[in-house]
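Please read the structure below before turning to the comments.
2 protein chains.
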Amino acid sequence: MIHFRQAAAQDLERIVEMLADDDLGSQRERFEDPLPPCYMKAFEAIDADPNNELVVACEGNAVIGVFQITFTPYITHQGGWRATIEGVRTCSAVRGRGIGAKLIEWGISLAKERGCHLVQLTTDKKRTDALRFYERLGFQNTHEGLKMKL
Amino acid sequence: MIHFRQAAAQDLERIVEMLADDDLGSQRERFEDPLPPCYMKAFEAIDADPNNELVVACEGNAVIGVFQITFTPYITHQGGWRATIEGVRTCSAVRGRGIGAKLIEWGISLAKERGCHLVQLTTDKKRTDALRFYERLGFQNTHEGLKMKL
Numbered sequence: 001m002i003h004f005r006q007a008a009a010q011d012l013e014r015i016v017e018m019l020a021d022d023d024l025g026s027q028r029e030r031f032e033d034p035l036p037p038c039y040m041k042a043f044e045a046i047d048a049d050p051n052n053e054l055v056v057a058c059e060g061n062a063v064i065g066v067f068q069i070t071f072t073p074y075i076t077h078q079g080g081w082r083a084t085i086e087g088v089r090t091c092s093a094v095r096g097r098g099i100g101a102k103l104i105e106w107g108i109s110l111a112k113e114r115g116c117h118l119v120q121l122t123t124d125k126k127r128t129d130a131l132r133f134y135e136r137l138g139f140q141n142t143h144e145g146l147k148m149k150l
Numbered sequence: 001m002i003h004f005r006q007a008a009a010q011d012l013e014r015i016v017e018m019l020a021d022d023d024l025g026s027q028r029e030r031f032e033d034p035l036p037p038c039y040m041k042a043f044e045a046i047d048a049d050p051n052n053e054l055v056v057a058c059e060g061n062a063v064i065g066v067f068q069i070t071f072t073p074y075i076t077h078q079g080g081w082r083a084t085i086e087g088v089r090t091c092s093a094v095r096g097r098g099i100g101a102k103l104i105e106w107g108i109s110l111a112k113e114r115g116c117h118l119v120q121l122t123t124d125k126k127r128t129d130a131l132r133f134y135e136r137l138g139f140q141n142t143h144e145g146l147k148m149k150l
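Those protein sequences? They're chains A and B, same order as listed.
The letter at position 69 of the first sequence is residue 69 when you use UniProt numbering, and the numbering goes up by one with no holes.
The letter at position 39 of the second sequence is residue 39 when you use UniProt numbering, and the numbering goes up by one with no holes.
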């Protein structure tokens, strides 16, 4: 039985482990002991922000998935709020069990609770499986996602 | 001479006018007199949020452009902050003068000031000119931008 809850500080090591256990994530995360303090600093900023939630999926006591969801008020679309999902990962041991879909469905339910008119995310064009996954869940691939490193 | 400042409540009518003066925007905005209250509600939410800024470009007293920028702490990328730009418009009378590029450059400078490692945006695949515009400014089209209406 899977349940979802807001991440706590003690989940952070496990969260970074999942983020790093990924082709792209392994190149940009630092899953080290002790964890680099930058992660706790980000955790605290998210935790303090009422429009930002870090959510974990748990099976019993084990954290098996994570995503971050941000709620943003915009002037566009008649002043509508949007939810943005980012940093979605499930632990490799549970892949193939549909946990990823449950994570996203949970994110969608949070977006609805908050009255968002839209839920959005970007996915790296290299992640062709992820694109198909999101399209199966009902996302429309209508936009280009542009990034600039600073 | 163009200058930038945070939008004030009295700019809102002009901002919605610019958002609506656009092929896609005209289908989804309501530039009416009086302005539907949903816009002021969104303005107040943005104004109250320290991680969210509505910025206008002005020439003398005239508002000639607008964009919204949101600063978000993430766990991914070693706890890096990102800036997301949305709702970029210039007034039709000034198009062709490079004002759009100045808007985005201003957004990039705000993102740098806030220590963001990345600035990002999505653009509708139907806006082929916009895609070329952002690529010329140095954005990489690395991601798919997926949306789901709720």
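Where a beta carbon is used, it is the ideal one built from N, C-alpha and C, also for glycine.
Buried or exposed for residue 79 of chain B, please, with buried defined as at least 16 other CB atoms from any protein chain shown within 10 angstroms of its CB.
Answer is buried; the Cβ neighbour count reaches 16.
Do you know how far the Cα of residue 1 of chain B is from the Cα of residue 37 of chain A?
In a straight line, the C-alpha of residue 37 of chain A is about 44 Å away from that of residue 1 of chain B.
Around the C-beta of residue 98 of chain B, are 16 or more other C-beta atoms found within 10 angstroms, so that it is buried, or is it exposed?
When all chains shown are included, residue 98 of chain B counts as exposed.
For chain B, is any of its Cβ atoms less than 7 Å away from the one on residue 3 of chain A?
No, its Cβ sits nowhere closer than 7 Å to a Cβ of chain B.
Go ahead and pull the three-state DSSP assignment for residue 11 of chain A.
In the structure shown, residue 11 of chain A sits in a helix (DSSP, three-state: H, G or I).
Return yes when the Cβ of residue 146 of chain B is within less than 7 Å of the Cβ of residue 146 of chain A, no when it is not.
Cβ atoms of residue 146 of chain A and residue 146 of chain B: not closer than 7 Å.
Restricting to Cα atoms, I'd like to know which of A/28, A/56, A/142, A/47 is closest to residue 14 of chain A.
If we check each option's Cα against that of residue 14 of chain A, A/56 comes out closest.
Once DSSP output is grouped into helix, strand and coil, what is the label at residue 91 of chain A?
Three-state DSSP puts residue 91 of chain A in coil, outside helix and strand.
Does the segment 135-149 of chain A come into contact with the segment 131-142 of chain B, if we say contact requires no fewer than three beta-carbon pairs (one atom in each stretch) closer than 8 Å?
Because the criterion of three Cβ pairs below 8 Å is met, the segment 135-149 of chain A and the segment 131-142 of chain B touch.
Using the three-state DSSP reduction, which class does residue 125 of chain A fall into: helix, strand or coil?
In this structure, residue 125 of chain A counts as coil in the three-state DSSP scheme.
In chain order, what residues of the same chain have a beta carbon less than 6 Å from the beta carbon of residue 73 of chain B, not counting five sequence neighbours either side?
Excluding positions up to five away in sequence, the list reads 81.
Taking the straight line between their C-alpha atoms, what separation do you get for residue 95 of chain A and residue 65 of chain A?
Those two C-alpha atoms are separated by around 10 Å.
Would residue 92 of chain A and residue 21 of chain A qualify as a contact pair, given that the criterion is a beta-carbon distance under 7 Å?
In contact: residue 92 of chain A and residue 21 of chain A (Cβ atoms closer than 7 Å).
Give, in chain order, every residue of the segment 109-120 of chain B whose Cβ lies closer than 8 Å to some Cβ of chain A.
Flagged, chain order: 111, 112, 116, 117, 118, 119, 120.
From the DSSP output, read off the bridge partner residues of residue 38 of chain B.
BP columns for residue 38 of chain B are empty, so no partner.
I'd like to know if residue 140 of chain A contacts chain B, where contact means its C-beta is closer than 7 Å to some C-beta of that chain.
Closer than 7 Å to some Cβ of chain B, the Cβ of residue 140 of chain A qualifies, so yes.
How would you label residue 51 of chain A, buried or exposed, when you count the other beta carbons within 10 angstroms and need 16 or more for buried?
Buried, since its Cβ has 16 or more Cβ neighbours within 10 Å.
Determine, using beta carbons only, whether residue 90 of chain B comes closer than 7 Å to chain A.
Taking Cβ atoms only, chain A never reaches closer than 7 Å to residue 90 of chain B, which makes this a no.
Could you check the C-alpha separation between residue 88 of chain A and residue 58 of chain B for me, to the nearest Å?
Roughly 40 Å separates the two Cα atoms.
Spatial neighbours of residue 29 of chain A within its chain, please: C-beta separation below 7 Å, excluding the five flanking residues on both sides.
Excluding sequence neighbours, residue 29 of chain A sits near 16, 19, 20.
Reducing DSSP to helix, strand and coil, say where residue 32 of chain B ends up.
Looking at residue 32 of chain B - three-state DSSP - the assignment turns out to be coil, as it is neither helix nor strand.
Under 7 Å Cβ-Cβ, which residues of chain B neighbour residue 69 of chain A?
Within 7 Å Cβ-Cβ: nothing; residue 69 of chain A doesn't reach chain B, min ~11 Å.
I'd like to check one pair, residue 85 of chain A with residue 115 of chain A: are the Cβ atoms closer than 7 Å?
Not a contact, by the Cβ cut-off of 7 Å.
Where residue 40 of chain A and residue 110 of chain A are concerned, what is the direct C-alpha to C-alpha distance, given to the nearest angstrom?
Whole-angstrom Cα-Cα distance: 24 Å.
Count the other CB atoms, across all protein chains shown, that sit within 10 Å of the CB of residue 62 of chain B; report buried if there are 16 or more and exposed otherwise.
It counts as exposed.
Take residue 47 of chain A as the anchor and find which of A/104, A/100, A/77, A/11 has the nearest alpha-carbon.
Considering only alpha carbons, the answer is A/11.
Give me the Cα-Cα distance between residue 131 of chain A and residue 7 of chain A, rounded to the nearest whole angstrom.
Their backbone Cα atoms lie some 26 Å apart in a straight line.
If I'm right that residue 137 of chain B touches residue 104 of chain B with Cβ under 8 Å, what's the distance once you round it to whole angstroms?
Contact flag correct, Cβ pair sits at about 6 Å.
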